[in-house]
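One structure below.
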Amino acid sequence: MTRRRRRPAPARRPTRRRRPPPYDRDEVLARWSGCAYCDGPAEELDHVLPLARGGRDTADNVVAACRTCNASKYTHTLACWALSKGSATPCACDS
978 MTRRRRRPAP
988 ARRPTRRRRP
998 PPYDRDEVLA
1008 RWSGCAYCDG
1018 PAEELDHVLP
1028 LARGGRDTAD
1038 NVVAACRTCN
1048 ASKYTHTLAC
1058 WALSKGSATP
1068 CACDS
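Going by our numbering, the sequence shown opens with residue 978, and the numbers climb by one from there.
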């Protein structure tokens, strides 16, 4: 019986180090009295222009949001999310 040689493991790419955000989470939550979208209790931070849509991880692009609004906004722009919120038609940025 012949033994197969094991292939060498592929070289690992170096992990990209994430820089800490240029804002403090507690300061952002304190700056807003509640959710920026519905005035409910804010528990999370939301990027107004999502990182997936080219937004920056900066203090002026981050607002306090409740879990419900943050989850429903997902990667939508604010304008697209607001227009489709009360509508049955899908958001234009989904296509």
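Built from N, CA and C at the ideal position, the CB exists for glycine as well. None of the values given here were measured: they were computed from a predicted structure.
**Q.** Proximity of His1024 and Asp1016 at Cβ, strictly below 9 angstroms
**A.** The criterion of a C-beta distance shorter than 9 angstroms is not satisfied by His1024 and Asp1016.
Q.
According to DSSP, Val1040 sits in a beta bridge with which residue or residues?
A. Asp1023
Q: Would you tell me roughly how many angstroms separate the C-alpha atoms of Ala1048 and Pro987, rounded to the nearest one?
A: 37 angstroms
Q) Given that a residue counts as buried once 16 or more other Cβ atoms are within 10 Å of its Cβ, and exposed if not, what is Tyr1051? A) exposed
Q) With a CB to CB cut of under 7 angstroms and the five nearest residues on each side skipped, what residues in its chain are close to Tyr1014? A) Ala1042 and Cys1046
**Q.** Spatial neighbours of Arg1030 in its chain, beta-carbon cut-off 7 angstroms, leaving aside the 5 residues before and after
**A.** Thr1052 and Thr1054
Q. Rounded to a whole number of angstroms, what is the C-alpha to C-alpha distance between Ala1122 and Leu1022?
A. Nothing can be reported for residue 1122, as the shown portion of the chain is limited to 978 through 1072.
**Q.** Through-space distance from Pro1018 to Arg993, alpha-carbon basis
**A.** 34 angstroms
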